[in-house]
Each structure stands twice: as structure tokens, then as C-alpha cells.
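Asks: Here it is, the structure, as C-alpha cells.
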Amino acid sequence: MATNNNQKKIPFFKTVAGMSGISYAALLLLFVVSIFIVIGQMNDITSTSIGTSTTVEGVMDDIRVFEVDMRILDNDGFAFAAMYDTIVSIGQLDGKLSEMEKCIAEMDAAVEGINSTMAVVTSAGSTAQQAAAILQENYTPYKAGYQAVMKAAKEGDVNTILGVVYGDASTQLANMKEQLVILNEELVTIQNTTQNYVRAKTQSAIMMVNLMMVVYVIFIIAFLFWNYRSIGRKVNQMADEINGIISDIKNNKGNLNARVETQTSSELVHIKDGFNLFIETLQGILRQVKDGTVILTESSENMTNQIMLASDNITNTSAALEELSASMQNVSDTARVMNDKLDDVKGATDNINNGVEDGTAKAEEIRAEAIVIKEDAQNKKDNTGAKMEELSTVLEQSVKDSEKVAQINELTKVILDIASQTNLLALNASIEAARAGEAGKGFAVVASEISSLAENSRQTAGNIQVISNEVTEAVTSLATNANQVLEFINTTVLADYDAFVDTGEKYEETARLINEMLDGISTQSQSLNTIMGEMADSVTSISESVEQASEAINQSAEHSQDIVDEISGISSAMDTNNDVTEKLNDSTRQFITI
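If you're matching positions, the sequence shown starts at 1 in our numbering and goes up one per residue.
Below you can see the structure in the form of C-alpha cells.
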């Protein structure tokens, strides 16, 4: 009979704790990688949006500055052309010239900013770059012309002023206005392209999150299947083999040559080897018992036939019983070894439970972090919604305030009516002066000045109307663009925050599922502990039975010694031995193979 008290050294990665640790580490690595990928895409979206928005706003500011300075420069030029003497007489010449110099400096900076920015954000030969180039081509002579106007104004050369203002400058002004319109349209196109890019990147990030969730679920299923193949199925196979051996013994078909054959490289190998060692030990014991019953039977027959040799036979029987008692002691020692092995297995299952508790704590931390992410996204969404409502209210009030510009048109109409009436009065005065002859010449000069003043008032009122219309259009365009921005925030940004909230809920649900999985593993480990406890109870029962058998054998030896002393009681002792022999034979008949 072979015995082996040394446990095999199990590599850590093949143990239940090692395999579980590998599973948890792989899941954690996958989770961290997915989080970093999503964060990287969100940072890319944010940086692209901020950069493009800042660039477009800078160009739009340059265009607005250029348009305002261009109108001021044009108005000052027409003022010099129409009423140069009046400006000089009221002392506004230096102020106008300073204003024009400031406008030219600001327009220089604006044109340079427009060209440099368009060269960066648009491709070569694009419509935006062509418009910026044409703007530069018209601005250069336009600037030179108005510098000539400023010089002529200082020298009192009205003819040069008239030639520039009513000459090429008008054409150049119209061309620049046309190019500014084109640039504004191109900026709107750039904004739309950026919005489409951000929308596409956001969709890509969402798809990446969904893909990571699918991969995460696949990994969980794969690890569960792996753990089942490595542990659960092996335990079931071993339990089926052990139950089969026990069932055959109960049905008097016991085969002590049977062994647990399940192949495993985890701690379950200790259970397998321990049970096989128990069967091997039991096989040896039963062989000895069977051989002992044969000897007892032969001894009884010899005692019946040779009563004179009873003392010697009984002495031999006593020696055989002592040997059997020693064998029983070996069985008891083997049972204690099995108890120790079962304690080791119980320690291993306790380690499994500890690992499950650690995994449960980690899953709870993941769930808590997912709740924080969800609540943070919800708060940011609520803050964005509140800020959007505030901006919407301010925008509506600003649009209402801009309607006051319409009053300027009403006032300019009044000015035009006054100018018309003044012109009519001047015409009547001229007619009366002509009738008066020489006496009315002075009156005719006054009438001419009044007529000129009326004409200048009419032109100024017309210019005011043009500017008022442009301001109204600009305010309307601004309100439209602002509403588009608010709509974008309402439909896209808030939807993105909703997606963040949903993502947090999904991670929370994933953590809950992991918790449930770990609870299942803990339950299986507890079931394994229960099985080990039952096996320990069985081994204890065997030990007790062996001890009882040893006591019975010792008592039989004492009785044999009494028989040696009292030969007269040999018949009753032989009957007792025959009964014991029959019981042992009945016990060994449960095993068809020993």
C-alpha cells in the first residue's frame, strides 16, 4: 500500500486565487484603457471647438472693425468734399484728420489679421483667401487715396478731395464691401464645418464607448466560461466520480480499484489525491480483513477437529488480532492525514472568499465612481441649461433695444422733409431776389447758402438712413447667429451631457453585475466548504469506527488469553469468532473487487 504525505506545489497562476486575480486585472486594464480613449477623444473635440471658435471670432472682430472704420473714413471724406469750408470754420479739421488717421491704422491691422488668419484656416486658392486678397488689393489704393485726401485737407485743396471721394474711392469701397460679405459667408461655412466635425467626433466617441462596453461584456463572459472550465466543471466531475464510487458500495458493487480520474492543476488536485489515497488505504485494510476472516474460519475448523491444539491455535489467533490492531492504527493515522488535507483545502477556499471580498470592494468603488460621473454630468447639464436661458433672455432684450434704431429712420425722414422745405424756401428766395434786381443780390447769396445747406442736410440724412439700415441688418444677423448658437447648445451640448449621464448609469450597472458575479463565486466557495466539512465528518466517523474495531480486537485478544487459561470455555469463544467472521465476510461482500 503506497502513501504520500507531500502536497504538490501548485503554481500561483494555476490556483483559484491566481486565475481570479488574472481575470480581475484584465478587466481593470480594459476599463482603464477605454476610459483613456474616451477622455482623449473628448479633449480633441474640446480643443478643436475652442481653437476654431477663437479664430473665427478674431476674424469677425477684424471684419467689424474694418467695416466701421471704412464707413467713418468714407463719411469724413464726403464731409470734406461737401462742406470743407464749414468744417474749417468751426475748427473740426484737426479732429477729423486725427479720426481718419486712427481709422487707417485700425484698418491696416484688421486687413493684416484677416489675411494671416485666412491663410491658416483655409486652403490655398479657396474663396476666402481670394476674397481676402481682393480686399487687400482694393484697400491699398483706397488707403493711398484717403491719405491724399488728408494731405489735401491740410493744404485746402478741395478739388483733390472731390476727385478722390467721387472717383476711384467709390468703386474701391463697393468692391471692399462685396468682399467683406463673401468673407462673412465663408466664416459661416467654416463654423458649420467645425460643427459637423465636432458632431462626427462626438458620435465616434459614443461608438467607441459602446464598442468598449461590448468588449467588456465579452471579456466577462469569457472569464466566467474560463473559470467554469477550470474550477466549476472540475468540481462537478470529481463529485460525480466520488458519488459513483459510494453508490456502487451501497449497491454491493463496490470496486476499490476505482480512482478519481479528473485532471486538474488547481488546489482541487489535493482533494483528488487525498480521496484516492483514502481508497487505496481502505483497499489494503479490507484485503487484510478478508484474509483474516479466512484464517479465522480455518482456525475454527481446526479447533473443532483438534481440540488438543486449541491453546496453540488461540495463541496464533491472538497474534493475528494484534497485527490487525496495528493495521487499524495505520488506518486511524491515515484518517488523521486526510483530516489535515481537508483543512488545507478549507484554507484554500477561505482564500477564495477573501479574494471575492476584495473584488466586491473594487466593484463597489467602480460603482461609486460611476455615480459621481453621472451626478457631475447632470449638474453640468443643469448649469448649462440655466446659462442658456439667461443668455436667451439677454438676447431677446438686446433685440428689442435694437428696434430703437428704427427711430433714426423716422428722424431722418423729418430731416429730409425739412431739407426739402428749406430748399423750396431758398428757391422762392432766389426768385424774389431776381425780381428785386440789384437790391436783392445779397439776399440771393443767402438763398444760395441756404440751398447748399439744405442739399448737405439731405445727403447727410440719406447717409444716416443707409448706416441705420446696415446697423439694423447687422443686429438682425447677430440675433439670428446667437439663436443658432443657443439652438446648438440646446440640441447638441445638452444631448452630450445626457449621453454622459447614460454612460455613468451603464458603468454603475456593470459594477452591479460584477458584484452579482462575485456573490455567485462566493456561494460556490461556501458550497465547497460545506462539502469539505461533510468529508471531514465522514473521515472522523471512519476514525471512530477504526478505534471501536481496535478496541474490539483488543478485547478479543484478552478473551483469547482467557481461553488459554480456561480451555473449558473454548466453544463459546469459537462461536463468537464465527459470528465476527461472518460479519466481516458480509462487509467484504459489498466489494466485488478488492
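Positions of the beta carbon are idealized from the N, C-alpha and C atoms, including for glycine.
All of these numbers come straight from a predicted model, not from anything done at the bench.
Which first and last residues belong to the alpha helix (DSSP H) in which ILE182 is found?
Replies: Locating residue 182 in the sequence shown gives position 182, counting from the first residue. 168 to 227 is the span of the alpha helix (DSSP H), which, as asked, contains ILE182.
Asks: Buried or exposed for MET207, going by 16 or more other Cβ atoms inside 10 Å?
Replies: Taking the first residue of the sequence shown as position 1, residue 207 is located at position 207. Flag for MET207 reads exposed.
Asks: What residue from ILE50, GLU57, ALA81 has the CA that sits closest to THR460's CA?
Replies: Taking the sequence shown and counting its residues from 1, the one referred to as residue 460 is at position 460. Here the closest residue by C-alpha is ALA81.
Asks: Sorted by chain position, which residues of the same chain lie with C-beta nearer than 6 angstroms to ALA258's C-beta, five sequence neighbours on each side aside?
Replies: The count along the sequence shown starts at 1 and reaches residue 258 at position 258. Hits under 6 angstroms: ILE245.
Asks: Just how far apart, CA to CA, sit ASN428 and LEU453?
Replies: Walking along the sequence shown from the start, residue 428 turns up at place 428. Walking along the sequence shown from the start, residue 453 turns up at place 453. Using only the alpha carbons, I get a separation of about 15 angstroms.
Asks: Would the region 118 to 129 and the region 95 to 109 be scored as touching if the rule is three or more Cβ pairs under 8 angstroms?
Replies: Verdict: no, contact absent.
Asks: When burial is assigned at 16 or more other CB atoms within 10 Å of the CB, is VAL120 buried or exposed?
Replies: As a position in the sequence shown, residue 120 is number 120, starting the count at 1. Exposed, since its Cβ has fewer than 16 Cβ neighbours within 10 Å.
Asks: For ALA124, count the other beta carbons within 10 Å of its own beta carbon; 16 or more makes it buried, fewer makes it exposed. Which is it?
Replies: The residue given as residue 124 occupies position 124 in the sequence shown. It counts as exposed.
Asks: CA-CA distance, GLN92 and THR46?
Replies: Here residue 92 refers to the residue found at position 92 when the sequence shown is read from its first residue. Here residue 46 refers to the residue found at position 46 when the sequence shown is read from its first residue. Spanning the two alpha carbons is a distance of roughly 51 angstroms.
Asks: I'd like to know whether the C-beta atoms of LEU73 and TYR139 end up nearer to each other than 7 angstroms.
Replies: Residue numbering aside, residue 73 sits at position 73 when the sequence shown is read from its first letter. Residue numbering aside, residue 139 sits at position 139 when the sequence shown is read from its first letter. In this structure, TYR139 does not lie closer than 7 angstroms to LEU73 by Cβ.
Asks: Does SER47 come out as helix, strand or coil in the three-state DSSP assignment?
Replies: Residue mapping note: residue 47 aligns to position 47 of the sequence shown, counting from 1. Note: SER47 maps to helix in three-state DSSP.
Asks: Just to confirm before moving on: does the CB-CB distance between LEU97 and MET150 stay below 7 angstroms?
Replies: Residue 97 sits at position 97 when you count from the first residue of the sequence shown. Residue 150 sits at position 150 when you count from the first residue of the sequence shown. In contact: LEU97 and MET150 (Cβ atoms closer than 7 angstroms).
Asks: With respect to the alpha helix (DSSP H) encompassing VAL158, which residues constitute its N-terminal and C-terminal limits?
Replies: Counting from 1 along the sequence shown, the entry for residue 158 is found at position 158. Run containing VAL158: 158 to 165, per the alpha helix (DSSP H) assignment.
Asks: Helix, strand or coil for ALA124? Go by DSSP, reduced to three states.
Replies: On the sequence shown, residue 124 is found 124 positions in, with the first residue counted as 1. In this structure, ALA124 counts as coil in the three-state DSSP scheme.
Asks: Less than 7 angstroms between the beta carbons of TYR142 and ALA169, yes or no?
Replies: Mapped onto the sequence shown, residue 142 falls at position 142. Mapped onto the sequence shown, residue 169 falls at position 169. Result yes, Cβ atoms of TYR142 and ALA169 sit closer than 7 angstroms.
Asks: Who are the near neighbours of GLU582 in its chain, counting only those whose CB is closer than 7 angstroms to its CB and skipping five residues on each side?
Replies: Counted from its first residue, the sequence shown places residue 582 at position 582. No residues qualify anywhere along the chain.
Asks: With DSSP collapsed to three states, give me the class of ALA144.
Replies: Taking the first residue of the sequence shown as position 1, residue 144 is located at position 144. If DSSP states are grouped into helix, strand and coil, ALA144 belongs with the helices.
Asks: Quick one, are the C-beta atoms of ILE114 and VAL59 less than 7 angstroms apart?
Replies: Locating residue 114 in the sequence shown gives position 114, where the first residue counts as 1. Locating residue 59 in the sequence shown gives position 59, where the first residue counts as 1. Yes, these two residues count as a Cβ contact at 7 angstroms.
Asks: Could you tell me how far apart the beta carbons of ARG71 and ILE467 are, in whole angstroms, since I believe they sit closer than 8 angstroms?
Replies: Looking up residue 71 in the sequence shown gives position 71. Looking up residue 467 in the sequence shown gives position 467. The Cβ separation is near 6 angstroms, so the contact holds.
Asks: When the distance is taken between beta carbons, is THR262 closer than 7 angstroms to GLN237?
Replies: As a first step, residue 237 must be located in the sequence shown, where it is residue number 237. As a first step, residue 262 must be located in the sequence shown, where it is residue number 262. Going by C-beta atoms, GLN237 is nearer than 7 angstroms to THR262.
Asks: Taking the C-alpha atoms as reference points, what is the distance between GLY254 and ASP537?
Replies: Counting from 1 along the sequence shown, the entry for residue 254 is found at position 254. Counting from 1 along the sequence shown, the entry for residue 537 is found at position 537. For GLY254 and ASP537, the distance between alpha carbons rounds to 21 angstroms.
Asks: Enumerate in chain order the residues of its own chain whose CB-to-CB distance from GLU67 is below 7 angstroms, with the five nearest sequence positions on each side excluded.
Replies: Here residue 67 refers to the residue found at position 67 of the sequence shown. The answer, listed in chain order, is LEU180.
Asks: By how many angstroms is the C-alpha of GLN465 removed from the C-alpha of ASN184?
Replies: Residue 184 sits at position 184 when you count from the first residue of the sequence shown. Residue 465 sits at position 465 when you count from the first residue of the sequence shown. Cα to Cα, the separation comes out at about 23 angstroms.
Asks: Would you identify the three-state DSSP class for GLU35, choosing helix, strand or coil?
Replies: Counting from one through the sequence shown, the residue named residue 35 turns up at place 35. For the sequence presented, residue 35 should be read as Ile rather than Glu. Here ILE35 sits in helix by DSSP.
Asks: Please name the residue, chosen from ASN423, GLU473, ALA436, ASN463, that lies closest to TYR449 on a Cα-to-Cα basis.
Replies: Residue numbering aside, residue 449 sits at position 449 when the sequence shown is read from its first letter. Reading off the sequence, residue 449 comes out as Glu, not Tyr. That would be ASN423, whose Cα lies nearest to the Cα of GLU449.
Asks: So, helix, strand or coil for THR262, using DSSP?
Replies: Numbered from its first residue, the sequence shown carries residue 262 at position 262. Coil, per DSSP.
Asks: My guess is that ARG458 and ALA433 are in contact by the Cβ rule of under 8 angstroms, so how many angstroms apart are they, rounded?
Replies: Here residue 458 refers to the residue found at position 458 when the sequence shown is read from its first residue. Here residue 433 refers to the residue found at position 433 when the sequence shown is read from its first residue. No, ARG458 and ALA433 are not in contact; Cβ-Cβ is about 22 angstroms, not under 8 angstroms.
Asks: I need the straight-line Cα distance from GLY600 to ASN463, nearest angstrom please.
Replies: Only positions 1 to 594 of the chain appear in the structure, and residue 600 is not among them; the question remains open.
Asks: Among residues of its own chain, excluding the 5 on either side of ASN106, which ones have a beta-carbon nearer than 6 angstroms to its beta-carbon?
Replies: Position 106 of the sequence shown, counting from 1, holds the residue named residue 106. Note on identity: in this sequence residue 106 is Glu, with Asn being the wrong assignment. Contacts found: VAL65, ASP69.
Asks: Around the Cβ of LEU513, are there at least 16 other Cβ atoms within 10 angstroms (buried) or fewer (exposed)?
Replies: Position 513 of the sequence shown, counting from 1, holds the residue named residue 513. Exposed, because fewer than 16 other Cβ atoms sit within 10 Å of the Cβ of LEU513.
Asks: So, at 8 angstroms on beta carbons, what are the nonlocal neighbours of PHE78 in its own chain, with the 5 sequence-adjacent residues on each side left out?
Replies: Residue numbering aside, residue 78 sits at position 78 when the sequence shown is read from its first letter. Hits under 8 angstroms: VAL165, GLN459, ASN463.
Asks: Contact defined as beta carbons within less than 8 angstroms: I believe VAL260 pairs with THR503. What is the distance between those atoms, to the nearest angstrom?
Replies: As a working note, residue 260 is residue 260 in the sequence shown. As a working note, residue 503 is residue 503 in the sequence shown. Incorrect: roughly 49 angstroms between the Cβ atoms, too far for contact.
Asks: Measure the CB-CB distance between MET83 and ASN456 and report whether it falls below 7 angstroms.
Replies: Translated into positions along the sequence shown, residue 83 becomes position 83. Translated into positions along the sequence shown, residue 456 becomes position 456. Cβ atoms of MET83 and ASN456: closer than 7 angstroms.
Asks: Could you tell me the distance, in whole angstroms, from the CA atom of SER392 to the CA atom of ASN192?
Replies: Looking up residue 392 in the sequence shown gives position 392. Looking up residue 192 in the sequence shown gives position 192. Taking the straight line from one Cα to the other gives about 21 angstroms.
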